[in-house]
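Engineer: Please find one structure pasted underneath; my questions will follow.
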Amino acid sequence: MVYYKIRGGRKLYGEVKISGAKNAAASILPGLLLINGICRICNVPQIEDVHLTIEILESLGAKVRWLSSDCIEADCREIGSRTVLPHLGVRMRASHFFIGTLLGRFGEANAPLPGGCVIGMRPIDQHLKGFDAMGADYAVDGEMVRVSVKNGQRLKGAEICFDMVTVGATMNLMLAAALADGVTVLKNAASEPHIVDLAGFLNAMGADVSGAGTDEIIIKGVPSLHGGSYSLIPDQIEAGTFMAAVAAAGGRIRLSGIIPAHLKCISAPLRQMGMEITEGEDSLMVSRPGELSGIDIVTRPYPGFPTDMQPQMGAVACFARGKSTIVETIWEDRLRYTSELRRMGADITVHERTAIFHGVPHLIGASVEALDLRAGAALVIAALAADGVTQISNIGFIERGYHDLTGKLAALGAEISREAEERDTEEDH
Ligand code: EPU
Numbered sequence: 084m085v086y087y088k089i090r091g092g093r094k095l096y097g098e099v100k101i102s103g104a105k106n107a108a109a110s111i112l113p114g115l116l117l118i119n120g121i122c123r124i125c126n127v128p129q130i131e132d133v134h135l136t137i138e139i140l141e142s143l144g145a146k147v148r149w150l151s152s153d154c155i156e157a158d159c160r161e162i163g164s165r166t167v168l169p170h171l172g173v174r175m176r177a178s179h180f181f182i183g184t185l186l187g188r189f190g191e192a193n194a195p196l197p198g199g200c201v202i203g204m205r206p207i208d209q210h211l212k213g214f215d216a217m218g219a220d221y222a223v224d225g226e227m228v229r230v231s232v233k234n235g236q237r238l239k240g241a242e243i244c245f246d247m248v249t250v251g252a253t254m255n256l257m258l259a260a261a262l263a264d265g266v267t268v269l270k271n272a273a274s275e276p277h278i279v280d281l282a283g284f285l286n287a288m289g290a291d292v293s294g295a296g297t298d299e300i301i302i303k304g305v306p307s308l309h310g311g312s313y314s315l316i317p318d319q320i321e322a323g324t325f326m327a328a329v330a331a332a333g334g335r336i337r338l339s340g341i342i343p344a345h346l347k348c349i350s351a352p353l354r355q356m357g358m359e360i361t362e363g364e365d366s367l368m369v370s371r372p373g374e375l376s377g378i379d380i381v382t383r384p385y386p387g388f389p390t391d392m393q394p395q396m397g398a399v400a401c402f403a404r405g406k407s408t409i410v411e412t413i414w415e416d417r418l419r420y421t422s423e424l425r426r427m428g429a430d431i432t433v434h435e436r437t438a439i440f441h442g443v444p445h446l447i448g449a450s451v452e453a454l455d456l457r458a459g460a461a462l463v464i465a466a467l468a469a470d471g472v473t474q475i476s477n478i479g480f481i482e483r484g485y486h487d488l489t490g491k492l493a494a495l496g497a498e499i500s501r502e503a504e505e506r507d508t509e510e511d512h
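Per our numbering, residue 84 is the first one in the sequence shown, and the count goes up by one each step.
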């Protein structure tokens, strides 16, 4: 068993370089399949989800190699398969982006259907509704979803209005529409920074996408895309996680390699709590001058407060003076981390999608479990500020989305290590 061991109480000082965005990589790397050429993608984070995405690309026939620690080259000229192998696809929810890209380029895609997961149900009805409007048939065959273009090889441009703001369906339909015959208009589209990044990537390879960043995106299909180079945006949520870490543990750090505009939705509530945040051109100085006060947060699609920062802010709220309220509107099961924080002494009550925090002077180190990626990040933050030692198990979740979290925190002065413990159980044999 591997786990993180954290002795709390050290303030954080120094500089941290933020890696490329996980959720941009999630759609842009599958997007490489649309390109009948060679692409170079830089600022790629070395996280488990990226390694798995590359494994899926290779299993389909792509040739991918790392040029440096954060740059890959992908040759997708010869793609033999139209099927995402179930044992690879089920390990990552974002594997559904391969449906959009295989369908867009080859008119056919088969992939495992993503089921519910620890943060909530993860339906893809809006993705399928979009493919259907573009002239595809789909069928669910056991655990696989099979989608193919009805008459011929190319999807047809269509107007698609999503029933809710969905990041995944917006990106999947952008991917599918890039090579479609005609114009696709996506209404009630999501506007997250990684959606603008996906549009930037597609356009750099010859696509015609406009309106990304607003709620209406227009994709004029082109016959083919060419190779080229692109660099991913920095990870908004990784940056926010370090900001929350300083809020909980104290100190003063500089985040570098970031886009400050993407962080306004996170800086605003942290400032309201008492944090000092100063924007540079591609950096932020973050410090905690004194005690924090309570905060009320409701998660919303961008530019609202991101659900992917909600658990980390919950960890900060444990220490803030008075009462804080957090309402999670996107994922129905994303407050489960509060039970682990309670094991460390936090005062939190949860009613349906609302968590109420009453600040306590100290949390106490304990053995706790990362229940999902951001829940794990919340525990790291709480542990950095807690008295004594915390052991966090199930860290595979955390490493799916954060590049070298322990190394980066240790460089800021945290006492954190990744430990391995021999276990001799039936399961291991
Ligand atoms: N939804 C539907 N039907 C659909 C699609 C979505 O009902 O066809 C619902 C979902 O159940 C949810 C809401 O719409 O209640 C929003 O879902 P969305 O499609 O926006 O989420 P996603 O694309 O599956 C991405 C991120 C998540 C992040 C959400 C919201 C990736 C790989 N994942 O998920 O990231 O929470 O957008 O911003 O991009 C994370 O990084 O920790 C993470 C979970």
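Just so it is clear, CB atoms sit at the ideal spot from N, CA and C, and this is done for glycine as well. Small disclaimer: the values here were computed from a predicted structure and weren't measured.
Measuring straight from C-alpha to C-alpha, what distance separates isoleucine 207 and proline 197?
Structural biologist: As a first step, residue 207 is located in the sequence shown; it is residue number 124 there, counting from the start. As a first step, residue 197 is located in the sequence shown; it is residue number 114 there, counting from the start. C-alpha separation (whole angstroms): 8 Å.
Engineer: With a threshold of 16 other CB atoms inside 10 Å of the CB of valine 110, please say whether the residue is buried or exposed.
Structural biologist: Translated into the one-based positions of the sequence shown, residue 110 becomes position 27. Checking the sequence shown, residue 110 turns out to be serine, not valine. So serine 110 ends up on the buried side.
Engineer: Work out the CA separation of isoleucine 336 and alanine 497 for me, nearest whole Å.
Structural biologist: Mapped onto the sequence shown, residue 497 falls at position 414. Mapped onto the sequence shown, residue 336 falls at position 253. If you take the alpha carbons of alanine 497 and isoleucine 336, they lie about 12 Å apart.
Engineer: Along the chain, where does the beta strand (DSSP E) that runs through cysteine 122 open and close?
Structural biologist: Start at 1 with the first residue of the sequence shown, and residue 122 comes out as number 39. Element bounds for cysteine 122: 121-125.
Engineer: Which same chain residues end up closer than 7 Å to leucine 117 when comparing Cβ atoms and leaving out the 5 residues on each side of it in sequence?
Structural biologist: To locate residue 117, count along the sequence shown from 1; it is residue 34. Around leucine 117: Thr184, Gly187, Arg188, Leu258, Ala261, Leu262 and Leu308.
Engineer: CB of leucine 456 to nearest heavy atom of the ligand EPU: below 6 Å?
Structural biologist: Walking along the sequence shown from the start, residue 456 turns up at place 373. Leucine 456: yes, Cβ under 6 Å from the ligand EPU.
Engineer: On the CB-based measure, 16 or more other CB atoms within 10 Å of its CB, does threonine 508 come out buried or exposed?
Structural biologist: Position 425 of the sequence shown, counting from 1, holds the residue named residue 508. Note that threonine 508 has pLDDT 46, beneath the 50 cutoff, so the model's placement of it is unreliable and the number below is only indicative. It is exposed - the Cβ of threonine 508 has fewer than 16 other Cβ atoms within 10 Å.
Engineer: Under DSSP, the alpha helix (DSSP H) around aspartate 365 begins and ends at which residues?
Structural biologist: Along the sequence shown, read from residue 1 onward, the residue named residue 365 stands at position 282. No alpha helix (DSSP H) contains aspartate 365, which DSSP labels as neither H nor E.
Engineer: Report the CB separation of isoleucine 431 from threonine 382 in whole angstroms; it is logged as a contact under 8 Å.
Structural biologist: Within the sequence shown, residue 431 is the residue found at index 348, counting from 1. Within the sequence shown, residue 382 is the residue found at index 299, counting from 1. Wrong, their Cβ atoms sit about 16 Å apart, outside the cutoff.
Engineer: To the nearest angstrom, how far is it from the Cα of threonine 437 to the Cα of valine 305?
Structural biologist: As a position in the sequence shown, residue 437 is number 354, starting the count at 1. As a position in the sequence shown, residue 305 is number 222, starting the count at 1. If you take the alpha carbons of threonine 437 and valine 305, they lie about 46 Å apart.
Engineer: Would a C-beta distance cut-off of 7 Å place valine 201 and glycine 240 closer than the cut-off?
Structural biologist: Sequence index remark: in the sequence shown, residue 201 carries index 118 (1-based). Sequence index remark: in the sequence shown, residue 240 carries index 157 (1-based). Not a contact, by the Cβ cut-off of 7 Å.
Engineer: For the beta strand (DSSP E) that glutamine 474 lies in, which residues bound it at each end?
Structural biologist: Along the sequence shown, one-based indexing puts residue 474 at 391. Residues 472-476.
Engineer: May I ask you to report which of helix, strand or coil DSSP gives methionine 257?
Structural biologist: As a position in the sequence shown, residue 257 is number 174, starting the count at 1. Residue state, collapsed to three classes: helix.
Engineer: Please confirm if the region 322-339 is in contact with the region 92-109, defined as three or more CB-CB distances below 8 Å between the two stretches.
Structural biologist: At 8 Å Cβ cutoff, the stretches touch.
Engineer: Quick one: is the Cβ of valine 223 within less than 6 Å of any heavy atom of the ligand EPU?
Structural biologist: The count along the sequence shown starts at 1 and reaches residue 223 at position 140. Not so, every heavy atom of the ligand EPU lies at least 6 Å from the Cβ.
Engineer: Taking 7 Å as the limit between beta carbons, can you name the residues of its chain near glutamate 138, skipping five residues before and five after?
Structural biologist: Stepping through the sequence shown from its first residue, residue 138 is reached at position 55. Correct list, in chain order: Leu171.
Engineer: Quick one, which of Ala403, Ala282 and Asp379 has its alpha-carbon nearest valine 410's?
Structural biologist: Working through the sequence shown from its first residue, we reach residue 410 at position 327. For the residues Ala403, Ala282 and Asp379, the minimum Cα distance to valine 410 belongs to Asp379.
Engineer: Suppose the cutoff is 6 Å on Cβ atoms and the five residues either side in sequence are ignored; what does the same chain contact list for lysine 88 look like?
Structural biologist: In the sequence shown, residue 88 corresponds to position 5, counting from 1. Once the five neighbours on either side are set aside, the close Cβ partners of lysine 88 are Gln474, Ser500 and Glu502.
Engineer: Going by C-alpha to C-alpha distance, which of Asp470, Ala461 and Ala493 sits closest to isoleucine 478?
Structural biologist: By one-based count along the sequence shown, residue 478 stands at place 395. Considering only alpha carbons, the answer is Ala461.
Engineer: Three or more C-beta pairs closer than 8 Å, one from the region 339-357 and one from the region 136-154: is that the case here?
Structural biologist: No, because fewer than three Cβ pairs between the region 339-357 and the region 136-154 fall closer than 8 Å, the two stretches do not touch.
Engineer: Would you call the region 209-219 and the region 246-255 touching, i.e. three or more CB-CB distances under 8 Å?
Structural biologist: These segments touch.
Engineer: Do arginine 119 and arginine 148 have their CB atoms nearer than 7 Å?
Structural biologist: The residue given as residue 119 occupies position 36 in the sequence shown. The residue given as residue 148 occupies position 65 in the sequence shown. Checking the displayed sequence, the identity of residue 119 turns out to be asparagine instead of arginine. Not closer than 7 Å, so no.
Engineer: Let me know the secondary structure DSSP gives valine 147 once reduced to three states.
Structural biologist: Reading the sequence shown from its first residue, position 64 is the one you call residue 147. Correct three-state label for valine 147: strand.
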